[in-house]
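Worksheet for the structure shown next.
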Amino acid sequence: MTKISEISRTWWHEETEGVAFTHALDMKKLHEEQSPYQKIEIFDHETFGRILTLDGLVQASESDEFMYHEMAVHVPLLGRVRENASVLIVGGGDGGILREVLLHDFVSRVVMVEIDERVVELSKEYLGIHGNYDDPRVELIIGDAADYMKKARASGDKFDLIILDLSEPVGPSATVFTEEFCQNFSACITDTGVVLDSDSIFVGKERAYFLQELCGDKDQNLVSIMQNKHLLPHVSGYRSIVQLYPAAEFGFFLYSRDGYDYSNPVKAHVGRHYNEALHKASFALPTWWKTNLGF
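So the sequence shown is numbered by numbering that gives the first Met the number 0: it starts at 0 and just counts up by one.
So, in structure tokens, the structure goes:
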């Protein structure tokens, strides 16, 4: 017999494409629109609060966005002594990466390149993550990151930290999952700079998979491109969890020219998720990471 509570539920399933694995969330849709680039939806969940999805994939929720944003920013920024640091954010329309970067007074310049202005506007309206676009250090560019990176390389512009805050290789993000894009961002970091990439990871019966691989072509996997092409000679990783991302197992990847060890924080900082002990511990990798992912 079907329970009344089951009849009343409104289940939303994540469009995880080739993974054959999905989250199901009982939630109410607050907003839906098709921008020139992607389908944008905002939902409300009784436990997790407001949730942003793009083309059917969860991007951020009120309840756990800080888990991702804090670990993406504070590990590479606090893992090395820097002064007058310049940061490039590729994507990041929800504002969370920008919010965390601006916490550090040694950051002097932030450029954020987001292709879809509506993601920025709707995130401000519904999520309230509060990236401060009015901060004098910030330049917000609405445009294609692949084009921006090509021009930055040609002009010799360089950054101490490039954060790739990308959705999966579907929709507008597909243009950056290429070897050419990797070549361009590799040319745009300083000699002591680092590129931060990230992805959800699944353990299959034969090997581990990046969500990038499973959503797009196997060639559209930035980690594999960087490992195989040696565009930046040093690739390392650290791990965390993000509860509403597929499988919750989440990897962060550091691409650098000098192979600096970012595992020891040089400044104290305590966030809702991040702290010094967690910073260090995140570099302790499972054996299957080392075996399957080449770390």
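Using N, Cα and C, we set each Cβ at its ideal position, and we do this for glycine too.
Host alpha helix (DSSP H) of Q242 (start-end): Where Q242 is concerned, there is no enclosing alpha helix (DSSP H), given that its DSSP letter is neither H nor E.
Beta-carbon contacts of L243 that lie in its chain and below 6 angstroms, excluding the five residues immediately before and after: V57, S60, D63
C-beta atoms of L195 and P75 nearer than 9 angstroms: yes
Best match in H272, V269, S239, E275 for proximity to P285 [C-alpha to C-alpha]: S239
N- and C-terminal bounds of the alpha helix (DSSP H) containing A247: Looking at the DSSP string, A247 is not in any alpha helix (DSSP H), and its letter there is neither H nor E.
Alpha-carbon spacing of K123 relative to G92, whole angstroms: 9 angstroms
Cβ distance (whole Å) where D257 is taken to contact T191 below 8 angstroms: 6 angstroms
Buried/exposed call for P245, threshold 16 Cβ in 10 Å: buried
Closest residue to A186 among I50, F209, D159 (Cα-Cα distance): D159
Counted within 10 angstroms of its Cβ, other Cβ atoms place E82 as buried (16 or more) or exposed: exposed
Min CB distance L53 to chain D below 9 angstroms: Absent from the structure is chain D; it holds one protein chain and no more.
Cα-Cα separation, A23 to S154: 46 angstroms
Close beta carbons around A267, own chain, < 8 angstroms, minus the five adjacent residues each side: E275
Beta carbon of L126 nearer than 9 angstroms to that of L51: yes
Residues of its chain near S235, where Cβ-Cβ distance is below 7 angstroms and the 5 sequence neighbours each way are ignored: L253, F294
DSSP three-state assignment for Y36, whether helix, strand or coil: coil
Candidates G142, A207, A144, V119: closest to Y132 by CA position: V119
Top-ranked residue by Cα proximity to M66, from R271, A283, F282: R271
Which listed residue (H278, E32, G95) has its alpha carbon closest to that of G78: H278
Distance between V110 and I140 (C-alpha atoms, nearest Å): 7 angstroms
Backbone secondary structure at F209 - three-state DSSP: strand
Cβ shell of D25 (< 7 angstroms), same chain only, five flanking positions each side left out: R8, T9, W10
Beta bridge counterpart(s) of K28 as assigned by DSSP: F42
Neighbourhood of P35 by C-beta distance below 6 angstroms, restricted to the same chain and skipping five residues each side: none
Per-residue burial, W288 [other beta carbons within 10 Å of its own, 16 or more giving buried]: buried
N-terminal and C-terminal residue of the alpha helix (DSSP H) that F180 is part of: 178-185
Through-space distance from Y208 to F251, alpha-carbon basis: 14 angstroms
Reference H68; option with closest CA among V241, D146, H30, M148: V241
Distance, E248 Cα to S199 Cα: 6 angstroms
Beta-carbon separation (whole angstroms), R136 vs V106, contact threshold 8 angstroms: 7 angstroms
For R117 and T290, the rounded distance between their alpha carbons: 41 angstroms
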